[in-house]
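Each residue of the sequence shown is one higher than the one before, starting from 4 at the first, in the numbering used here.
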Amino acid sequence: MLKKTLLLAACFGLVSGAALAQSTWTGGDELPTNPLACDGTPGAVVSKDYDGGVPTNAPDRAGKKITVVDIPKLIGVGYFAATTKGIQEAATELGNVDAKTDGPTKANIDEQITFIDNYITSGVDGILFAANDPVAIAPVLKKALAAGINVVGYDANATPDARQWFVNQAEFNGIAKSLIDSMAKEAGEDASFAIVTSTFTTPNQARWIAEMAAYAAKCHPNMKWLETVEAQEDNVLSFNQASTLINKYGDQLKGIFGMTSVATPAAAEAVTQANQCGKIAIVGLATPNAMKPYVEKDCVKSVVLWNPVDLGYAAMQVLRATADGTLKPGATSVKAGKLGELKVVNGSEILLGSPFVFDKSNIGQFDF
4 MLKKTLLLAA CFGLVSGAAL AQSTWTGGDE LPTNPLACDG TPGAVVSKDY
54 DGGVPTNAPD RAGKKITVVD IPKLIGVGYF AATTKGIQEA ATELGNVDAK
104 TDGPTKANID EQITFIDNYI TSGVDGILFA ANDPVAIAPV LKKALAAGIN
154 VVGYDANATP DARQWFVNQA EFNGIAKSLI DSMAKEAGED ASFAIVTSTF
204 TTPNQARWIA EMAAYAAKCH PNMKWLETVE AQEDNVLSFN QASTLINKYG
254 DQLKGIFGMT SVATPAAAEA VTQANQCGKI AIVGLATPNA MKPYVEKDCV
304 KSVVLWNPVD LGYAAMQVLR ATADGTLKPG ATSVKAGKLG ELKVVNGSEI
354 LLGSPFVFDK SNIGQFDF
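Written out as structure tokens, the structure is:
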């Protein structure tokens with residue numbers, strides 16, 4: 004672990020004794036990374052065999068009405084309200100799906116597991132999920148598969164064998180490139196930055212952070228990584244963590260990344276209240292509605308995301324295709340209603356598309 008910490012610190016130019024003393028690598032996973040080209044050349048899609056799970060003795064659901072429960076990381080936040088909207092739109096369009104969203108009010112993996120377990124017991128045909136922890140959630144999802152339930156993830160993955168398919172909002176290295184390039188453009192090639200994330204075990208955020216580290220080391224080697232802090236997808240904690248970073252690092256801090264739709268607006272508010280707009284760049288993942296006030300005031304220049312309504316819509320279409328048997332292991336694409344054909348990548352992932360950058364010129368065109 005020490006070797007890894009020193010290596011990553013060196014990649015970000017944190018070579019002085021003082022810098023190393025205050026810089027600990029946290030937040031990223033240890034999976035292999037695949038940083039994109041610095042000049043924007045598209046990366047090659049890796050071809051691999053299907054690695055998802057298989058339900059046991061699943062009944063014939065082709066064309067029949069099915070009951071689906073969506074259990075995201077948490078409910079009551081704008082991002083998952085948007086994915087729920089997409090799920091409901093797809094269910095209405097399909098006409099043979101009864102779908103509802105339920106789940107914890109905090110991003111707590113133990114509570115999420117309890118919700119899933121309860122729905123396995125009560126009986127559903129399909130489960131949609133966005134995992135708080137990819138490993139911890141796996142046993143209960145495997146229990147669902149063993150009960151013949153179709154299981155599809157979106158937003159945040161589980162271990163592949165614990166679900167059939169995962170709808171990936173954008174490839175991790177593409178999001179990493181968009182975030183790092185935006186920060187370099189706004190704060191400078193030698194900017195020192197920190198990250199506010201949810202938890203160090205949240206799979207999509209850990210993957211993005213690992214890819215950000217690899218891409219920055221390759222294409223923006225003089226950027227300096229100060230710290231990554233957890234905020235549990237809680238608005239007050241996210242604000243407090245961002246405020247602490249501002250006070251802790253002072254003029255050294257040139258940018259903050261928000262890795263959640265809660266952390267990014269909270270960090271923007273912390274920068275606003277600290278009178279640091281224009282001095283500390285905020286770059287992150289968030290819904291446009293949450294960021295419009297900060298973008299319109301020029302405190303935030305860019306927001307990276309995808310359309311979460313489309314993400315929920317795609318997840319529901321994928322689950323319906325899975326239940327119908329029209330999406331099978333080995334497929335290279337899947338029909339997803341109004342979204343058209345979506346590609347299958349990495350064995351058992353469905354790719355929604357490329358990340359989108361919202362800024363002052365276009366953010367007003369979106370309402371979610």
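For every residue, glycine included, the Cβ atom is placed at its ideal position computed from N, Cα and C.
Buried or exposed for residue i, going by 16 or more other Cβ atoms inside 10 Å?
i    : result
K68  : exposed
A21  : The pLDDT assigned to A21 is 30, lower than 50, so where the model puts this residue is not dependable, and the model offers no usable value.
A149 : exposed
Q25  : Annotation note: pLDDT 38 at Q25 (below 50); position unreliable, no value reported.
K227 : buried
T59  : exposed
Q372 : The displayed coordinates of the chain run from 4 to 371. Any statement about residue 372 would go beyond what the structure contains.
G156 : buried
V143 : buried
G3   : The question about residue 3 has no answer, for the chain in this structure spans 4 to 371.
K257 : buried
K331 : exposed
T87  : buried
L131 : buried
T231 : buried
C41  : exposed
S195 : buried
G333 : exposed
T124 : exposed
V57  : exposed
P224 : exposed
E352 : buried
G106 : buried
Across which residues does DSSP place residue i in a beta bridge pair?
i    : result
T200 : E233
D101 : T70
I130 : V72 and V154
F169 : G156 and E352
A284 : G258
S195 : K227
Please report the Cβ distance between residue i and residue j, rounded to the nearest whole angstrom; I am assuming they are in contact, meaning their Cβ atoms lie under 8 Å.
i    : j    : result
A213 : T36  : 6 Å
D54  : P163 : 4 Å
A324 : K338 : 7 Å
V170 : A318 : 5 Å
V80  : V265 : 6 Å
V348 : L354 : 5 Å
D387 : I152 : Nothing about residue 387 can be reported from this structure: the residues present for the chain run from 4 to 371 only.
E233 : T200 : 6 Å
A85  : G315 : 7 Å
V312 : F371 : 6 Å
G356 : W309 : 7 Å
M186 : V286 : 5 Å
A209 : G30  : 6 Å
E192 : A284 : Contact flag wrong, Cβ pair sits at about 13 Å.
Quiz item: Could you give the uninterrupted runs of the beta strand (DSSP E) lying entirely in the region 204–268, keeping only those of 3 residues or more?
Solution: Entirely contained in the region 204–268, the beta strand (DSSP E) runs reaching 3 residues are, in chain order, 227–233 and 258–261.
Quiz item: So does the region 270–283 actually touch the region 294–302, counting three or more Cβ pairs closer than 8 Å?
Solution: Yes, the region 270–283 is in contact with the region 294–302.
Self-check item: Ordered list of beta strand (DSSP E) runs contained in the region 301–369, each at least 3 residues
Solution: As summarised for the region 301–369, the continuous beta strand (DSSP E) elements at least 3 residues long and confined to that stretch are 305–308, 336–338, 344–348, 352–354 and 359–361, given in chain order.
Quiz item: Do the region 169–188 and the region 227–241 make contact, defined as three or more Cβ pairs closer than 8 Å?
Solution: They do not touch, by the three-pair rule.
Quiz item: Between the region 214–224 and the region 241–256, are three or more C-beta pairs nearer than 8 Å?
Solution: Contact between the region 214–224 and the region 241–256 is absent, because fewer than three Cβ pairs lie under 8 Å.
Self-check item: Stretch pair the region 339–348 + the region 280–294: three plus CB contacts closer than 8 Å
Solution: Because the criterion of three Cβ pairs below 8 Å is not met, the region 339–348 and the region 280–294 do not touch.
Quiz item: Given 8 Å as the limit, is there contact between the region 114–128 and the region 69–79, that is, 3 or more CB pairs closer than that?
Solution: Touching, yes, given that three or more Cβ pairs across the two stretches are closer than 8 Å.
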